[in-house]
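In this note's numbering, the protein residues as written are 366 to 853.
What follows is the structure, given as structure tokens:
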């Protein structure tokens with residue numbers, strides 16, 4: 366699903382001459398040239414119109430080993446139509462400190478516009494993602510002790526825990542009545558499935574709201590689609606229902622029909638194309654829907670077989686290579702485009718992996734549902750993206766681990782986070798200015814003077830962007846930069 370970007374990149378400035386005007390540029394790497402640029406013009410000219418262009422950009426994330434993309438932002442092309450906005454000329458400047466490349470042209474007698482804003486050239490997912498929870502922490506639902514336990518995701522050291530009355534509304538040590546599946550929503554809040562309701566936390570142990578479930582029962586997995594709708598599966602031996610709750614208020618929306626023969630539903634996840642993956646223990650199969658953008662209807666079109674796996678399907682998640690990881694006794698890798706199994710990995714003491722999650726860097730996390738009953742203290746595991754190395758910790762306070770999430774993680778198929786850049790330019794003649802997004806990554810839009818892009822970890826990598834401002838009288842300025850999406 367993503368490529369790892371571990372370096373800090375900086376681009377130097379260079380000056381470009383076009384027609385009769387040269388923009389002066391600062392020579393230091395990373396300096397903001399728009400604040401120091403000067404222009405020289407002569408005589409008058411006729412008006413010109415805004416040009417349109419197409420461009421193709423390639424993201425570095427979400428490529429599978431077969432070369433086929435598993436997410437919407439890998440090898441994506443612009444649609445061919447540029448975004449154009451017209452505003453009055455202003456004289457304000459931005460606070461941006463990183464530099465972009467700017468070129469200005471104009472006809473004699475007309476003072477062309479000049480960009481005076483510069484974007485930040487790095488998008489750090491853990492910084493753009495707004496939440497009161499610290500990034501880089503692992504949250505695991507301890508279903509038999511009615512609490513959420515929190516760990517350092519790097520070391521797996523225990524940090525803290527919190528609970529809620531909904532986790533113990535029925536006084537029983539059974540996993541069915543404690544906290545089960547959970548996920549972070551678009552607000553950066555943690556949503557946990559209790560027995561009869563969902564509890565949304567805005568901070569550690571701080572209730573934001575509660576929402577009734579369509580029926581009281583254990584909920585093994587909770588996920589969100591790209592629009593923020595919530596989905597649940599019931600645990601093994603439950604009612605075999607795949608339920609959808611609407612994004613606005615988590616009110617019950619529909620029970621999605623599952624394929625014939627499917628039952629004991631466990632893991633669910635989305636890929637970057639909106640395809641839903643559903644693990645069914647009854648027929649030992651992962652069922653896959655068709656591509657989806659509105660998430661109203663779901664057509665089941667493919668299957669991945671669990672034949673030969675040492676255990677039943679549990680959690681599902683995509684890894685950094687675009688492969689689907691399934692907890693099934695071992696951690697099993699699938700090529701979802703060729704519908705084939707490509708390998709397995711696991712730790713010797715991980716007999717019953719149940720919850721599964723991947724962080725922005727591609728590290729894979731799971732926890733052992735010890736002895737198959739969750740009545741022994743659980744081991745937690747963190748695998749490298751290739752599965753070849755791992756660390757493990759036993760937590761004497763963790764029993765019956767179900768939901769597992771990593772704070773600050775925004776994966777393909779999750780609700781994305783929003784990056785914005787407010788454009789600004791000045792025009793000495795006071796001409797009305799037109800801003801145009803000439804080229805950029807798929808999904809980037811320009812509305813007014815605000816450039817926006819919804820980002821997930823699938824977009825980790827480098828993305829060229831080209832902008833233009835025109836004054837309607839032959840004068841224009843262009844701004845080109847490379848936007849780098851990083852995990853931390």
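Beta carbons: idealized from backbone N, C-alpha and C, even for Gly.
Quick caveat: nothing in here was measured; it's all calculated off a predicted structure.
Nearest-angstrom Cβ-Cβ length linking residue i and residue j, presumed shorter than 8 Å
{"i": "residue 847", "j": "residue 486", "result": "7 Å"}
{"i": "residue 533", "j": "residue 511", "result": "4 Å"}
{"i": "residue 654", "j": "residue 663", "result": "5 Å"}
{"i": "residue 675", "j": "residue 695", "result": "6 Å"}
{"i": "residue 728", "j": "residue 748", "result": "7 Å"}
{"i": "residue 772", "j": "residue 549", "result": "7 Å"}
{"i": "residue 843", "j": "residue 852", "result": "Not confirmed; about 30 Å, so no contact."}
{"i": "residue 599", "j": "residue 582", "result": "6 Å"}
Outcome for residue i when other beta-carbon atoms lying within 10 angstroms are tallied against a minimum of 16
{"i": "residue 720", "result": "buried"}
{"i": "residue 687", "result": "buried"}
{"i": "residue 794", "result": "exposed"}
{"i": "residue 783", "result": "exposed"}
{"i": "residue 691", "result": "buried"}
{"i": "residue 704", "result": "exposed"}
{"i": "residue 614", "result": "exposed"}
{"i": "residue 661", "result": "exposed"}
{"i": "residue 666", "result": "exposed"}
{"i": "residue 840", "result": "buried"}
{"i": "residue 824", "result": "buried"}
{"i": "residue 706", "result": "buried"}
{"i": "residue 807", "result": "buried"}
{"i": "residue 656", "result": "exposed"}
{"i": "residue 525", "result": "exposed"}
{"i": "residue 506", "result": "buried"}
{"i": "residue 475", "result": "buried"}
{"i": "residue 407", "result": "For residue 407, the predicted model reports a pLDDT of 29, less than 50, meaning its position is unreliable; a value from the coordinates is still stated below. Counting Cβ neighbours within 10 Å, residue 407 comes out exposed, since fewer than 16 surround it."}
{"i": "residue 685", "result": "buried"}
Pick from the options that is closest to residue i, judged by C-alpha positions
{"i": "residue 850", "options": "764, 473, 492, 479", "result": "492"}
{"i": "residue 552", "options": "809, 653, 592", "result": "592"}
{"i": "residue 595", "options": "484, 572, 622, 563", "result": "563"}
{"i": "residue 585", "options": "746, 601, 731, 537", "result": "601"}
{"i": "residue 659", "options": "537, 853, 778, 629", "result": "778"}
{"i": "residue 631", "options": "531, 545, 797, 774", "result": "545"}
{"i": "residue 744", "options": "841, 513, 521, 482", "result": "521"}
{"i": "residue 702", "options": "636, 766, 539, 645", "result": "636"}
{"i": "residue 821", "options": "503, 781, 540, 717", "result": "781"}
{"i": "residue 535", "options": "559, 514, 550", "result": "559"}
{"i": "residue 638", "options": "681, 590, 515", "result": "590"}
{"i": "residue 333", "options": "611, 617, 680, 479", "result": "No information on residue 333 is available, as it lies outside the stretch 366 to 853 that the chain covers here."}
{"i": "residue 620", "options": "633, 755, 605, 634", "result": "605"}
{"i": "residue 503", "options": "555, 475, 673, 538", "result": "555"}
{"i": "residue 588", "options": "611, 603, 567", "result": "611"}
{"i": "residue 711", "options": "583, 722, 731", "result": "731"}
{"i": "residue 775", "options": "801, 496, 699, 616", "result": "496"}
{"i": "residue 816", "options": "539, 603, 801", "result": "801"}
{"i": "residue 790", "options": "448, 498, 483", "result": "483"}
{"i": "residue 547", "options": "829, 557, 827, 539", "result": "557"}
{"i": "residue 753", "options": "646, 540, 578, 698", "result": "698"}
{"i": "residue 764", "options": "785, 756, 733", "result": "733"}
{"i": "residue 531", "options": "566, 629, 501, 646", "result": "566"}
Assigned secondary structure, residue i (DSSP; H/G/I helix, E/B strand, else coil)
{"i": "residue 589", "result": "strand"}
{"i": "residue 533", "result": "helix"}
{"i": "residue 858", "result": "In the structure displayed, the chain extends from 366 to 853; residue 858 sits before or after that span and is not available."}
{"i": "residue 801", "result": "strand"}
{"i": "residue 763", "result": "coil"}
{"i": "residue 650", "result": "strand"}
{"i": "residue 408", "result": "Because residue 408 sits at a pLDDT of 30, beneath the cut-off of 50, its placement in the model cannot be relied upon, and the following sentence gives the value as read from the coordinates. Strand, per DSSP."}
{"i": "residue 490", "result": "helix"}
{"i": "residue 482", "result": "coil"}
{"i": "residue 840", "result": "coil"}
{"i": "residue 636", "result": "coil"}
{"i": "residue 664", "result": "coil"}
{"i": "residue 737", "result": "helix"}
{"i": "residue 853", "result": "coil"}
{"i": "residue 442", "result": "Its pLDDT being 39, under 50, residue 442 is placed unreliably by the model, and the measurement read from it follows with that caveat. Three-state result, residue 442: strand."}
{"i": "residue 858", "result": "An answer regarding residue 858 cannot be provided, because it is not within the stretch 366 to 853 covered by the chain."}
{"i": "residue 785", "result": "strand"}
{"i": "residue 827", "result": "strand"}
{"i": "residue 541", "result": "helix"}
{"i": "residue 507", "result": "strand"}
{"i": "residue 600", "result": "coil"}
{"i": "residue 476", "result": "coil"}
Any C-beta of chain D under 8 Å from that of residue i
{"i": "residue 538", "result": "Although the question refers to chain D, the structure presented lacks it and comprises just one protein chain."}
Decide yes or no for the touch test of the segment 620–634 against the segment 568–575: beta carbon pairs closer than 8 Å, at least 3 of them. Because the criterion of three Cβ pairs below 8 Å is not met, the segment 620–634 and the segment 568–575 do not touch.
Could you tell me whether the segment 801–815 touches the segment 748–768, where touching means 3 or more Cβ pairs closer than 8 Å? no
I want to know whether the segment 820–836 touches the segment 735–743 - three or more CB-CB distances under 8 Å. no
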